[in-house]
Each structure stands twice: as C-alpha cells, then as structure tokens.
Amino acid sequence: MADISAPKGVRDILPDESWKWAYIFRVVQETALNFGYSEVHLPLFEHTELFARGIGDATDVVEKEMYTFLDKGDRSITLRPEATASMVRSYLEHGMGTLPQPVKLWCAGPMFRYERPQKGRYRQFWQVDFESLGSANPLVDVEIIALSVEIFRRLGLHQLEVVLNSVGCPVCRPGYRERLHRFFESRLDDLCDTCKGRLDRNPLRILDCKREGCKAVTEGAPAIYECLCDDCRDHFDAVKKGLHRLAIPYRLDNRLVRGLDYYTKTAYEVLSGSLGAQNAVCGGGRYDNLAEAIGGPHVPGVGFAAGVDRILMVMEQEGCSFGAEPSLDAYGVALDAGSRESVSDLVDHLRRNGVAADMDYGNRSMKTQLKAASQRRARYACIIGEGERQKGTVSVKDLATGEQREILSEDVVAAVRPRPSGDE
Ligand code: HAM
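In the numbering used here, the protein residues as written are 43 to 466.
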C-alpha cells in the first residue's frame with residue numbers, strides 16, 4: 043500500500059486537541075492585548091539569506107536544521123525556523139521606525155526545523171512569538187519576561203522556572219570567548235566531538251551541552267558576569283531589579299546560552315518541571331544588532347517565543363483547564379424519512395439564530411440518532427415525526443435528564459438556546 047502517513051516529525055492536530063489549541067490562542071490573544079501587543083501575520087517562507095544573516099551561519103539551526111530549497115525562479119527559499127528575523131525584516135520593510143517606539147508585535151504559527159524528533163520536539167511545531175522593537179530600555183526586557191510569565195499563569199501552568207542570563211555584547215563577549223577558549227582548550231580530551239568542533243567557532247555553545255562529560259567540564263568554566271562591560275552589567279542589574287519589583291522569581295544560570303546567535307545582553311528561558319528533556323516552554327532575549335545584521339539600521343529589540351505543542355503537553359500533564367469543550371445545543375432527529383427535510387429546515391433555522399445544531403443525514407433509527415446526539419455532546423434532541431409535522435410542533439428531549447416536551451416550532455429557539463452562564 044502507498045505510504046499515506048505524514049512525514050516524520052510532523053503531526054495532525056485533530057478535533058479532540060484543536061479546541062484546546064484554540065483555548066491557548068484565546069488566552070495568548072487576550073494577554074497580548076493587555077500588554078499592548080498587536081498581532082501580525084508573517085509569511086511561512088523567506089529568502090534563505092534572512093535566516094543565514096539573522097540567526098547566524100554557525101548555528102545548528104542554520105547549518106543543519108533548515109528546510110531550504112530553490113523555487114522555480116532559482117531563488118533560495120527557507121521555511122521559517124523561527125519568527126524573530128522575519129519580524130525584524132517586516133519592521134524594516136514597512137518603515138515602522140517612524141512609529142512611536144517600541145513597536146510591539148506578536149504572531150503565531152508553525153515553524154520548521156529538521157531536528158531529531160522526540161517527545162516535545164517536532165519538525166513542524168507552533169510558536170507564539172512576541173517582539174518589542176525600537177527600545178534599548180531594560181524595562182522592556184522586564185515587560186517581555188513578565189508577559190511570558192503572565193500567559194503561563196493564566197493558562198494555569200505551575201512548576202515553572204525562569205532562568206536568566208546575560209550573554210554580553212560585541213564589546214565584552216570577545217574577551218569572554220577568549221577566556222572560555224583558553225579554559226576548554228586545556229580540557230579538550232574531556233569534551234564530546236560536537237563540542238570539540240565548537241571550540242573555535244563558538245565556545246559559548248559548549249556551556250549548553252547536555253552530555254554528562256561536557257557538563258562536568260563546564261562546571262568550572264569562567265562565568266560571563268566576570269567579563270561583562272559596564273553597559274551590559276548595568277542593563278543586567280536593571281533587569282534583575284525590575285523582576286524583583288514585579289515579584290517574578292528567577293534563577294541565574296551563567297551557562298544559559300541560546301542556540302541563535304543574535305542575542306545580546308538578556309537571555310532567558312522558562313522551563314517546566316512537567317516536561318522531559320525538552321523542558322523549555324519558552325525562550326527569548328535581547329537582540330540589539332539583529333536589524334543591522336540583516337542590512338538595516340540599528341534597531342534594538344527584545345522578545346520571546348513559546349512552543350504551543352509543549353504548552354499543551356504541560357497543561358495536559360498538570361491537569362489544567364481548557365474551558366468548556368465545544369458541544370452542540372441541539373441535535374435534529376427525524377422519526378421517518380418524510381420528516382428529514384423538516385428536521386433539516388429546523389436545524390438551519392436554529393443555526394441562523396445562534397444555536398449550535400446538527401443532524402443525522404442517514405436513514406437511521408431513532409435510537410441510533412439519539413446515540414449520535416449523545417456522542418456529539420448535544421444538550422437537546424429535537425425530534426420530528428409525522429405527528430409533529432402535522433401539528434407544527436417539535437418534541438424537545440433534554441438528553442441529560444431524559445425529560446421530553448412537545449412545543450410549537452416557533453418556540454424551539456428559545457427552548458434550546460444556550461443561557462448565559464450563571465443564568466441556570
Ligand atoms: P527557541 O528557543 O529556538 O527561540 O524556540 C522557542 C520555543 O519554541 C522553545 O522554548 C520551545 O518551546 C519551542 N520549540 C523550539 N523548537 C521546537 C521543536 N523542534 N519542537 C517543538 N517546540 C519547539 C526562538 O525561536 C526565538 N526566535 C525566540 C525569540 C523571540 N527570541 C527573541 N524573540
């Protein structure tokens with residue numbers, strides 16, 4: 043048989059899950075409004091160069107994980123592995139530098155990375171991505187972190203930990219790189235092959251290696267705090283102070299280096315105790331030189347992206363609420379073939395009046411139709427047979443209590459319309 047399964051690392055979000063996704067997006071959207079962020083929709087693919095220049099040639103994402111192809115016009119195109127570079131491109135392309143700064147934008151959608159799939163790691167995954175562009179003020183970093191934490195609070199996630207670091211800037215990072223290089227060079231034999239390769243290209247990434255041998259070596263590595271320039275240190279202090287003021291707990295971790303090269307100063311992640319190895323529900327930080335890297339003027343920025351697939355996993359694991367599961371208010375049941383058109387007319391009338399209604403289109407028995415109504419979690423069955431047709435009535439059965447009453451057709455909307463909550 044032909045292979046009709048989805049490619050490795052991608053998955054379908056089916057109805058039993060999609061309503062939970064919708065709930066997460068509602069909460070994100072409301073929180074975005076509260077924090078003054080406007081939604082944008084960005085393309086799923088961009089010129090490859092945008093990511094190569096923005097994210098960095100020597101990152102795993104650009105080197106190994108991008109879905110890149112030539113289009114029919116021989117242009118190199120890449121499915122976006124993340125949204126930050128696109129957001130900065132969009133800001134520059136649309137002259138948003140002339141608007142009051144910072145410009146605060148967010149977007150949601152699938153990202154693509156050719157990674158080894160495992161629990162919580164997919165090749166197509168969804169992010170909600172927030173970016174604040176045009177301000178170097180550390181209070182904006184605090185706002186970004188507070189916003190991510192607030193989204194998770196509203197979704198009911200607990201067991202979360204904010205992990206914070208500063209990765210310096212082009213002024214102080216070269217000195218730190220050099221110190222790290224010297225430190226790891228003398229311990230090369232204890233590093234894994236990947237980290238040996240990182241030594242010359244980006245020794246900071248060695249700090250992030252999850253292998254036990256490398257972790258043991260990095261224990262004694264010099265901390266970046268010792269090398270930060272005055273500007274980066276002041277910025278870092280202001281971010282920490284701001285988080286204290288907002289009572290947002292965090293843990294400092296000088297080994298937190300993010301997998302994308304554009305970060306300057308603040309880097310942070312939100313980790314969940316309910317996930318396995320892929321425990322980051324969100325990651326972000328400041329990227330003051332990204333706009334220049336992609337050919338624009340200097341535009342400082344800070345943002346984060348949260349993985350929706352992982353948020354959902356954590357919520358299910360922690361038993362969080364997703365609000366009410368979608369259900370039908372009414373299900374039309376025809377007692378005989380001759381009544382099916384009347385049921386169809388009734389269902390249409392109900393729908394046009396704001397009632398969630400559906401019906402059975404086969405010639406099935408009343409018992410089977412009532413069973414279908416229950417499976418669809420309908421509150422009422424609206425039954426029409428020859429008797430009802432002649433009298434212009436509908437028999438309305440409450441599927442929870444079994445109580446049934448015959449009412450005039452024109453009164454059905456009022457009888458089955460959902461009542462506002464609290465009006466029970
Ligand atoms: P990132 O850390 O690469 O950062 O991704 C952010 C989040 O996306 C992760 O914390 C995780 O929840 C989710 N994620 C990443 N890869 C996968 C995957 N393969 N499968 C499932 N979920 C995944 C960025 O993408 C930056 N653009 C964030 C940012 C915005 N920095 C500044 N502004």
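Cβ coordinates follow ideal geometry from the N, Cα and C atoms, glycine included.
Item                                                                                                                                                        : Value
I think Pro152 touches Leu86, with their Cβ atoms under 8 Å apart; what is that distance to the nearest whole Å?                                            : 7 Å
Excluding five sequence neighbours on each side, which residues of the same chain lie with their C-beta closer than 7 Å to the C-beta of Leu121?            : Leu86, Phe87, Tyr109, Phe154
Just verifying my parser: in three-state terms, what is the DSSP assignment at Gln166?                                                                      : strand
Tell me the rounded alpha-carbon separation between Glu220 and His200.                                                                                      : 39 Å
Quick one, are the C-beta atoms of Thr236 and Leu249 less than 8 Å apart?                                                                                   : no
Inspect the beta-carbon positions of Leu285 and Val184 and report whether they are closer than 8 Å.                                                         : yes
So does the segment 137-148 actually touch the segment 90-105, counting three or more Cβ pairs closer than 8 Å?                                             : no
Would you report the Cα separation of Ile186 and Ala376, rounded to the nearest angstrom?                                                                   : 55 Å
What is the rounded straight-line gap between the Cα of Glu59 and the Cα of Ala348?                                                                         : 18 Å
If Phe172 and Trp148 are in contact, beta carbons under 8 Å, what's the gap, nearest whole angstrom?                                                        : 4 Å
Quick check on Gly434: does DSSP put it in helix, strand or coil?                                                                                           : coil
Indicate whether the contact test is met: 3 or more Cβ pairs, each with one atom in the segment 320-331 and one in the segment 223-237, closer than 8 Å.    : no
So what's Val213 in DSSP terms, helix, strand or just coil?                                                                                                 : coil
Cβ of Arg352 within 8 Å of Cβ of Leu317?                                                                                                                    : yes
Please indicate yes or no: does the CB of Val145 lie closer than 7 Å to some heavy atom of the ligand HAM?                                                  : no
Measure how close the beta-carbons of Leu450 and Ala423 come, nearest whole angstrom, since I'm counting them as under 8 Å.                                 : About 17 Å separates the two Cβ atoms, so there is no contact after all.
Does DSSP classify Gln143 as helix, strand or coil?                                                                                                         : coil
Can you tell me the Cα-Cα spacing of Ala366 and Trp61, whole angstroms?                                                                                     : 9 Å
Sorted by chain position, which residues of the same chain lie with C-beta nearer than 8 Å to Asp465's C-beta, five sequence neighbours on each side aside? : The predicted position of Asp465 is uncertain, since its pLDDT is 46 and thus under 50; no value can be drawn from it.
Do Phe505 and Val82 have their CB atoms nearer than 8 Å?                                                                                                    : In the structure as shown, the chain starts at 43 and stops at 466, and residue 505 therefore has no counterpart that could be examined.
From Gly444 to Leu412, what does the alpha carbon distance come to, in whole angstroms?                                                                     : 11 Å
Measuring straight from C-alpha to C-alpha, what distance separates His89 and Ile119?                                                                       : 5 Å
By the DSSP assignment, the beta strand (DSSP E) with Ala376 in it spans what residues?                                                                     : 372-376
How should Val454 be labelled, buried or exposed, when 16 other C-beta atoms within 10 angstroms of its C-beta is the threshold for buried?                 : buried
Any heavy atom of the ligand HAM within a distance shorter than 7 Å of the CB on Leu302?                                                                    : yes
Given a threshold of 16 other Cβ atoms within 10 Å of its Cβ, counted over all protein chains shown, does Ala420 qualify as buried or as exposed?           : buried
Can a CB atom of chain B be found closer than 8 Å to the CB of Ala319?                                                                                      : Included in the structure is just one protein chain, with no chain B present.
Of the choices Arg382, Leu354, Lys409, whose alpha-carbon is the least far from that of Phe167?                                                             : Leu354
Buried or exposed, going by whether 16 or more other CB atoms sit within 10 Å of the CB of Asp276?                                                          : exposed
When burial is assigned at 16 or more other CB atoms within 10 Å of the CB, is Gln446 buried or exposed?                                                    : exposed
To the nearest angstrom, how far is the alpha carbon of Asp54 from that of Thr73?                                                                           : 27 Å
Go ahead and pull the three-state DSSP assignment for Leu121.                                                                                               : strand
Scan the segment 317-374 and note each continuous beta strand (DSSP E) run of 3 residues or more that stays entirely inside, going in chain order.          : 322-328, 343-349
Classify Thr308 as buried or exposed, calling it buried when 16 or more other Cβ atoms lie within 10 Å of its own Cβ.                                       : buried
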